[in-house]
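Q: Take the sequence shown: its position 217, counting from 1, is numbered 218 in our numbering, and each next residue is one higher. Where is the CB? At the ideal position from N, CA and C, for every residue including glycine. Only a predicted model underlies this, so the values are computations on that prediction, with no experimental measurement involved. One structure coming up, written as structure tokens, with questions to follow.
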Amino acid sequence: MRKILLIVSCAFLLTAGTSVLADGGGRVTVGYTYIDEEGNQSVNHGTFNQYEGVGLSLEKFNYLFDSGLRLKADLNNLTLNNRNAVIGLERSGLFGFRAYNNQYRRVYNFEGDSFTRRHNTGGTVWFYPHRYIRLFGGGEYVGNSGKMLPLFDLGGATPPQDVDYKQFCYNAGIRLNHRGGMFQAEYRAGEYHDDFKIERDQTRSRINLYGLIPVPGYEWLVLSGRFFHFETKYDDTEFKISTNQVRGGAMAKLSEKVLLNYYFIFDRTSSDSDIIATDNIAHAVYATYNWMNVAGLTAGYQYGINDDYEAQVTSNAYYFYGWLKPGRYFELRGEHGMRSESVDDGSRLIGDEDRSRFKFSAKYSKPENGFISIKYEGRNRENEQLGTEIDFTRLAIDAALIRKDYGNLSAGYAYSIGDYDNLETAFEFADHIVYGDITSAEYRGFDAGFGVVYYRSLRDLDVESFSLHFKAGYNFMEDHRLEVKYNVDNFDDFLVRDNYYTSNIVEISLTKILSF
Numbered sequence: 002m003r004k005i006l007l008i009v010s011c012a013f014l015l016t017a018g019t020s021v022l023a024d025g026g027g028r029v030t031v032g033y034t035y036i037d038e039e040g041n042q043s044v045n046h047g048t049f050n051q052y053e054g055v056g057l058s059l060e061k062f063n064y065l066f067d068s069g070l071r072l073k074a075d076l077n078n079l080t081l082n083n084r085n086a087v088i089g090l091e092r093s094g095l096f097g098f099r100a101y102n103n104q105y106r107r108v109y110n111f112e113g114d115s116f117t118r119r120h121n122t123g124g125t126v127w128f129y130p131h132r133y134i135r136l137f138g139g140g141e142y143v144g145n146s147g148k149m150l151p152l153f154d155l156g157g158a159t160p161p162q163d164v165d166y167k168q169f170c171y172n173a174g175i176r177l178n179h180r181g182g183m184f185q186a187e188y189r190a191g192e193y194h195d196d197f198k199i200e201r202d203q204t205r206s207r208i209n210l211y212g213l214i215p216v217p218g219y220e221w222l223v224l225s226g227r228f229f230h231f232e233t234k235y236d237d238t239e240f241k242i243s244t245n246q247v248r249g250g251a252m253a254k255l256s257e258k259v260l261l262n263y264y265f266i267f268d269r270t271s272s273d274s275d276i277i278a279t280d281n282i283a284h285a286v287y288a289t290y291n292w293m294n295v296a297g298l299t300a301g302y303q304y305g306i307n308d309d310y311e312a313q314v315t316s317n318a319y320y321f322y323g324w325l326k327p328g329r330y331f332e333l334r335g336e337h338g339m340r341s342e343s344v345d346d347g348s349r350l351i352g353d354e355d356r357s358r359f360k361f362s363a364k365y366s367k368p369e370n371g372f373i374s375i376k377y378e379g380r381n382r383e384n385e386q387l388g389t390e391i392d393f394t395r396l397a398i399d400a401a402l403i404r405k406d407y408g409n410l411s412a413g414y415a416y417s418i419g420d421y422d423n424l425e426t427a428f429e430f431a432d433h434i435v436y437g438d439i440t441s442a443e444y445r446g447f448d449a450g451f452g453v454v455y456y457r458s459l460r461d462l463d464v465e466s467f468s469l470h471f472k473a474g475y476n477f478m479e480d481h482r483l484e485v486k487y488n489v490d491n492f493d494d495f496l497v498r499d500n501y502y503t504s505n506i507v508e509i510s511l512t513k514i515l516s517f
């Protein structure tokens with residue numbers, strides 16, 4: 002909290018010194034949130050991180066000094082436990098700094114007193130000692146503490162489990178750019194400590210080298226390569242797991258219309274407990290053809306080998322993607338991919354497996370008037386050895402209407418079907434999602450809005466939820482705004498007793514627009 006107050010104090014002092022600034026702006030908001038809720042607080046994820054009380058925010062804060070130094074800040078709900086703060090200072094092409102802090106709460110039981118809260122604080126810094134050289138680094142601290150319950154403990158027999166772990170990581174690197182070529186080297190390290198389960202304590206490190214270069218005299222051909230080393234060591238037993246990966250590739254621009262890509266990957270993962278290692282090898286090639294902003298087509302193939310102590314598995318994958326613009330405002334897109342895995346030597350638990358997916362969409366759009374789009378997608382996964390098959394399909398329609406003098410309207414509907422079968426049982430669901438939102442244009446300083454999201458899941462599930470939100474605002478004195486928001490959330494699982502929730506949340510805020 003002291004760090005946040007220090008940031009706010011610095012921002013306030015800077016606002017007092019506007020005479021040395023070239024330009025700037027932002028907005029300061031103070032408000033109050035009132036929450037009335039009943040039911041099981043662990044079933045509605047959208048309200049996990051809502052808190053009642055006075056909130057203070059400094060949003061889209063932007064100062065440009067005469068020297069070229071720029072200060073940016075987005076400090077939301079600084080006085081509440083769902084704060085989300087980002088602040089940065091930079092000079093274009095020379096250096097920059099960014100720091101952030103945020104919190105999130107996850108609720109696990111009916112009353113809401115079993116929860117965990119995650120704190121995330123970090124920062125990054127970069128510096129250009131030369132126009133072609135960039136030095137960068139940073140660090141992050143994550144802490145999670147509280148009480149949690151198993152997510153699928155429907156009987157409620159398991160007592161709450163104390164949670165308290167911390168993770169700190171840092172990184173440093175250098176990046177070189179010159180005449181279309183690039184080389185980057187980065188080192189990352191981290192430590193994880195669990196106060197209740199010390200056997201989870203571990204240290205991690207990672208080295209990443211990456212580069213690309215156009216071939217001299219043949220700039221239409223670009224070569225790339227990467228080396229990656231990752232290592233995890235458990236403090237209690239000193240057990241170590243490591244991964245080494247080598248990746249190479251080439252991109253050839255054969256003409257203005259034709260592009261060819263190839264890459265390979267070799268990956269080996271092993272531990273210090275034995276001599277057993279797992280190797281992954283992959284080769285892939287993609288070809289793209291474009292017709293002058295009218296249409297495009299991409300086709301690709303990948304061959305892979307996974308080799309470990311028990312089995313050798315080969316895979317073949319195909320990918321196709323295309324787009325077409327038959328008119329100025331109309332666009333069609335489609336893609337299809339499939340992957341087949343087979344056990345050539347030895348055995349593995351899941352045996353052979355086939356996967357496929359597809360997606361098609363059509364969109365008619367006029368930026369000044371709105372759009373309408375339709376999407377259809379599906380995924381399939383089949384395994385004969387386990388006798389399992391998974392099918393998922395989804396159809397969605399979205400539309401928006403823009404009228405500058407009246408306001409904006411958006412609406413949509415999505416229908417999804419999921420079917421999961423194995424040798425002993427089957428599970429299926431059918432989901433319906435409807436949403437709509439309308440916002441009026443400003444009239445004599447007043448504006449208003451209304452929105453709704455309705456969700457219904459049927460068949461082997463029986464869940465219903467909806468969310469309503471209302472807002473009204475009044476702009477006055479050219480740079481002030483008074484706004485009231487009212488949100489209603491409701492959740493019901495008709496198959497599980499006590500899985501219901503209703504909340505009424507009212508937010509009243511006053512905003513001052515800053516301009517310098």
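Take residue 345 and list the residues in its own chain whose beta-carbon comes closer than 6 Å to its own, dropping the five residues that flank it on each side.
A: 313, 315
Q: Starting from residue 104, follow its DSSP beta bridges and name the residues at the other end.
A: 120
Q: How many angstroms separate the CA atom of residue 279 from the CA atom of residue 236?
A: 24 Å
Q: Return the chain-ordered list of same chain residues with a C-beta closer than 7 Å to the C-beta of residue 499, the five sequence neighbours on each side being excluded.
A: 41, 111
Q: Can the beta-carbon of residue 1 be found closer than 8 Å to that of residue 458?
A: The structure shown does not extend to residue 1, since the chain is modelled only from 2 to 517, so the question has no answer here.
Q: Given that a residue counts as buried once 16 or more other Cβ atoms are within 10 Å of its Cβ, and exposed if not, what is residue 88?
A: buried
Q: Any idea what DSSP makes of residue 181, helix, strand or coil?
A: Looking at residue 181 - three-state DSSP - the assignment turns out to be coil, as it is neither helix nor strand.
Q: Nearest to residue 103 by CA position, among 79, 299, 245, is which residue?
A: 79
Q: So, is residue 1 buried or exposed, given that buried needs 16 or more other C-beta atoms within 10 angstroms?
A: With the chain covering only 2 through 517, there is no way to say anything about residue 1.
Q: Taking all protein chains shown into account, do 16 or more other C-beta atoms lie within 10 angstroms of the C-beta of residue 203, making it buried, or fewer, making it exposed?
A: buried
Q: Spatial neighbours of residue 352 within its chain, please: CB distance less than 8 Å, with the 5 preceding and 5 following residues excluded, ordered by chain position.
A: 344, 384, 385, 386, 387
Q: With which residues is residue 470 paired in a DSSP beta bridge?
A: Its beta-bridge partners are 452, 488.
Q: On the CB-based measure, 16 or more other CB atoms within 10 Å of its CB, does residue 239 come out buried or exposed?
A: Around the beta carbon of residue 239, fewer than 16 other beta carbons sit within 10 angstroms, so the residue counts as exposed.
Q: In the DSSP assignment, what residue or residues form a beta bridge with residue 55?
A: 33
Q: Can you tell me where the beta strand (DSSP E) with residue 377 in it begins and where it stops?
A: 371-384
Q: Output the boundary residues of the beta strand (DSSP E) element that contains residue 390.
A: 389-404
Q: I'd like the list of long-range same chain contacts for residue 513, defined as Cβ closer than 7 Å, with 5 residues on each side in sequence excluded.
A: 28, 29, 480, 481
Q: Could you tell me which whole beta strand (DSSP E) segments of length 3 or greater appear in the stretch 167-253?
A: 182-195, 203-216, 219-235
Q: Looking at the structure shown, is residue 323 part of a helix, part of a strand, or coil, going by DSSP?
A: Reduced to three states, the DSSP call for residue 323 is strand.
Q: Please name the residue in 164, 228, 172 whose C-alpha comes closest to that of residue 197.
A: 164
Q: Locate the beta strand (DSSP E) running through residue 336, then write down its first and last residues.
A: 331-347
Q: What's the C-alpha gap between residue 44 and residue 501?
A: 7 Å
Q: Beta-carbon of residue 358 versus every beta-carbon of chain C: anything under 8 Å?
A: The question asks about chain C, but that chain is absent: this structure has only one protein chain.
Q: Hey, how far is the Cα of residue 1 from the Cα of residue 207?
A: In this structure the chain extends from 2 to 517, so residue 1 is not present and cannot be described.
Q: Can you tell me which of 370, 113, 451, 375 puts its alpha carbon nearest to the alpha carbon of residue 486?
A: 451
Q: Return helix, strand or coil for residue 440, following the three-state DSSP convention.
A: Strand, per DSSP.
Q: For residue 297, does the three-state DSSP call read helix, strand or coil?
A: Shown here, residue 297 sits in a strand according to DSSP, grouped into three states.
Q: For residue 48, which of helix, strand or coil comes out of DSSP?
A: helix
Q: Taking only the alpha-carbon atoms, compute the straight-line gap between residue 394 and residue 362 and give it to the nearest angstrom.
A: Rounded to the nearest angstrom, the two C-alpha atoms are 14 Å apart.
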